[in-house]
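Each remark here refers to the structure printed beneath this line.
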Amino acid sequence: MIVLFNPKATRFRNRRFPLSVLALAAVLEGRENYVIVDGNLDPDPIQTLFSIFRQHAVELLAVTVMPGPQTVTAVAACKEIRARFPNVPIVWGGYFASNYTNAALNAWYVDFAVRGQGEDTLLELLEAIRGRRSLAGIGGLSYKDSEGRPCHNPERPMKPLDAFPWYPYHRIPAERYLLPTFLGRRTAVHQASLGCPFRCNFCGVVTFSGSREKVESPARTEAILRHLQRTYGVDAVQFYDNNFFLREDHARELADRLAPLGLRWWCEARTDIMMRYSDATFEAIRRAGCAMIFFGAESGSNETLKQMNKDLRAEDTLALAARIRRFGIIPEFSVIFGNPKDPERDTRECFAFVRQLKRLNPDCEIVVQHYTPVPQRDRMYGGVEDQIQFPTTPDEWTTERWQRFATQKDPATPWLKPRTKRLIDNFELVVSSRWPTVQDIRLPSWGRTALKVLSRWRYQLGIYSWPVELKLAQRAIDLRKPKWESL
């Protein structure tokens, strides 16, 4: 028995298809005996794991781990399993194992770490565990030698998604993951590509994919979504690709194939790439059901964008904000505040940039982020190696200090002064109150109106400090929102 474990990473009401373990399940289907345990759905996954381990001869526990809350639950579960079933090997995969490989292997309860795409690595690891091959020849695998020292095998070349089978949705209670969002009543998630060809120096995807992207064929994307629609009644989709649109011909074919399905969807893209698309392609994307696109704008300063290795101009973002409005697609722009070179100036520039975006397109949504670097292969920590010393074990990553860092709630980076962070957070509150997100479908209309009215004067005058009234209003409205935890 192979156990695929997705530790809890989000609230119950925010659960989605566990795509990472479904990808592994796809290559095991029909050839191995396996089970999926999802901590986002199971109220007591550790007891479920215990029950499986007692009833079956488990050969391997494969755990997908993201930095942040999922690390906390992964550590707790793996410690329990190792203590009760010490002879069962445990392998970690996902972004944590790819970005913090040595830290993962430093845990006494982790035997192997898979870097990058894990399907073929898992199959070969099973062969090694069964004594049929050597660990040393498995690409993308890290492990401990007989002395406990970390060994890192060469990278594994990425394979296109079409090279692997469809996800076995029938192996999970798929209907329980289809929840209402601003897109529709039964929203699914899908990933039509893996990786990213760019090298932004603040992004963990670079280490995971090595600046490579493998795209699913439009025909396969259409077929899978049609299957989800017919089998489970899906009416909306969130695409989890880092770059849903790269080539215009691919984008146009995909849009033409999705249009007959009548789905509403959200995806991610780059402003510079989409600005090269024709109006006809934009119209095709709109007609295909695209409601919102997330763009990593990051900064309004070209110098800052250059420091981030973003390969993007602020002018492209501003032009895209104005242009996309004609097609009724909402742009969602992430902006990173507190660049370590000069965080105070960067914050002022980001304020001005956001206000420019809102003037050009009041419907655009703003995602405020704090600059939190990650390790990369060729340039560590976004150029701040001497200021950040990352934890060397998963246990340290579970501490409050590093959980705040991983979730960007309070990263406590040495270059961002507390007063500057407070100003950024207050600015975010004013902007989000002036234009409440359409994605919060629990926010009542009276609450939207109240927040807009209360925040109008602050935004117009550029006064962001001490927004006590907005905090109280948000708190009062949150108490009146319907509770959906039981869905």
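Anchor point for the sequence shown: position 468 equals 620 in this note's numbering, and the numbering is continuous, going up by one each time.
Here a beta-carbon is modelled for each residue, glycine too, at the ideal position from N, C-alpha and C.
Reduced DSSP category for residue i - H, G, I as helix; E, B as strand; rest coil
| i | result |
| --- | --- |
| His342 | strand |
| Cys442 | strand |
| Asn158 | strand |
| Thr456 | helix |
| Glu435 | helix |
| Leu639 | Caution applies to Leu639, whose pLDDT of 48 falls short of 50 and renders its modelled position unreliable; the model cannot decide the point. |
| Ser430 | coil |
| Gly599 | helix |
| Ile593 | coil |
| Phe447 | strand |
| Ile615 | coil |
| Ala256 | helix |
| Ile481 | coil |
Status (buried if at least 16 other CB within 10 Å, exposed otherwise) for residue i
| i | result |
| --- | --- |
| Cys419 | buried |
| Val605 | exposed |
| Leu335 | buried |
| Arg165 | exposed |
| Leu278 | buried |
| Ser585 | buried |
| Asp468 | buried |
| Asp530 | Legend: pLDDT at Asp530 = 47, less than 50; position of this residue unreliable, no value from coordinates given. |
| His342 | buried |
| Glu501 | buried |
| Pro238 | exposed |
| Val520 | buried |
| Ser453 | buried |
| Leu624 | exposed |
| Glu108 | An answer regarding residue 108 cannot be provided, because it is not within the stretch 153 to 639 covered by the chain. |
| Ile642 | Nothing in the structure corresponds to residue 642, since the chain is present only between 153 and 639. |
| Ser361 | buried |
| Val620 | exposed |
| Asp498 | buried |
Same chain only: Cβ atoms within 8 Å of residue i, ignoring 5 sequence neighbours per side
| i | result |
| --- | --- |
| Leu413 | Glu374, Leu377, Arg378, Gln381 and Gly441 |
| Phe391 | Val341, His342, Gln343, Ala344, Trp417, Trp418, Cys419 and Glu420 |
| Arg285 | Glu276 and Glu279 |
| Pro474 | Strictly speaking, residue 474 in this sequence is Ala, with Pro absent from that position. So the qualifying residues of the chain are Leu512 and Asn513. |
| Met460 | Cys352, Asn353, Phe354, Glu450, Ser451, Ile488, Asn491 and Gly534 |
| Ile204 | Met153, Val155, Val187, Val189 and Val210 |
Close-in-space but distant-in-sequence residues of the same chain around residue i (CB under 7 Å, 5 per side omitted)
| i | result |
| --- | --- |
| Phe397 | Ala403, Ala421, Ile425 and Met426 |
| Thr589 | Glu517 |
Any non-hydrogen atom of the ligand MG within 7 Å of residue i CB
| i | result |
| --- | --- |
| Asp424 | Absence of the ligand MG from the depicted structure is noted, as is the absence of any ligand whatsoever, leaving it without description. |
Contacting residues, own chain, Cβ-Cβ under 6 Å from residue i (five flanking each side not counted)
| i | result |
| --- | --- |
| Arg125 | Here the chain comprises residues numbered 153 to 639, so residue 125 is not present and cannot be evaluated. |
| Val262 | Ile242, Trp244 and Ala256 |
| Tyr523 | Ile488, Gly490 and Asn491 |
| Tyr611 | Val582 and Arg586 |
| Leu457 | Ser451 and Leu464 |
| Ser363 | Pro349 and Arg351 |
is_contact[residue i, chain C] using C-beta, thresh 8 Å
| i | result |
| --- | --- |
| Gly300 | Among the chains in the structure shown there is no chain C, since it carries only a single protein chain. |
Note to self: Measuring CB atoms only, is the segment 579–597 touching the segment 431–441, in the sense that at least three cross pairs come out at less than 8 Å?
What the structure shows: no
Problem - Whole runs of the beta strand (DSSP E) within the segment 505–566, excluding any shorter than 3 residues - result: Entirely contained in the segment 505–566, the beta strand (DSSP E) runs reaching 3 residues are, in chain order, 517–522.
Query - Any alpha helix (DSSP H) of 4 or more consecutive residues that is wholly inside the segment 339–405 - result: 357–361 and 370–384
For the structure I just gave you, are there three or more beta carbon pairs, one from the segment 303–313 and one from the segment 265–272, closer than 8 Å? yes
Exercise for review: Examine the Cβ distances between the segment 316–335 and the segment 375–387 and report whether three or more of them are shorter than 8 Å.
Suggested key: yes
#### Entry: beta strand (DSSP E) segments (min. 3 residues) lying fully within the segment 279–342
Fully enclosed beta strand (DSSP E) runs of 3 or longer: 293–296, 302–304 and 339–342.
So within the segment 215–253, which uninterrupted beta strand (DSSP E) runs reach at least 3 residues, ignoring any that extend past its ends? Scanning the segment 215–253 for uninterrupted beta strand (DSSP E) segments of 3 residues or longer gives 242–245, listed from N- to C-terminal end.
>> Between the segment 360–375 and the segment 481–493, can you find at least three pairs of beta-carbon atoms closer than 8 Å?
In response: no
At a cut of 8 Å, does the segment 217–234 reach the segment 535–554 through at least three beta carbon pairs? yes
query = Okay, do the segment 154–162 and the segment 185–200 touch, 3+ Cβ pairs below 8 Å being the bar?
reply = yes
Check: Any chance the segment 292–307 sits against the segment 246–256, with 3 or more Cβ pairs inside 8 Å?
Finding: Three or more Cβ pairs drawn from the segment 292–307 and the segment 246–256 lie within less than 8 Å of each other, which places the two stretches in contact.
* Unbroken alpha helix (DSSP H) runs of length 4 or more, entirely within the segment 158–216: which are they? -> 171–180 and 197–207
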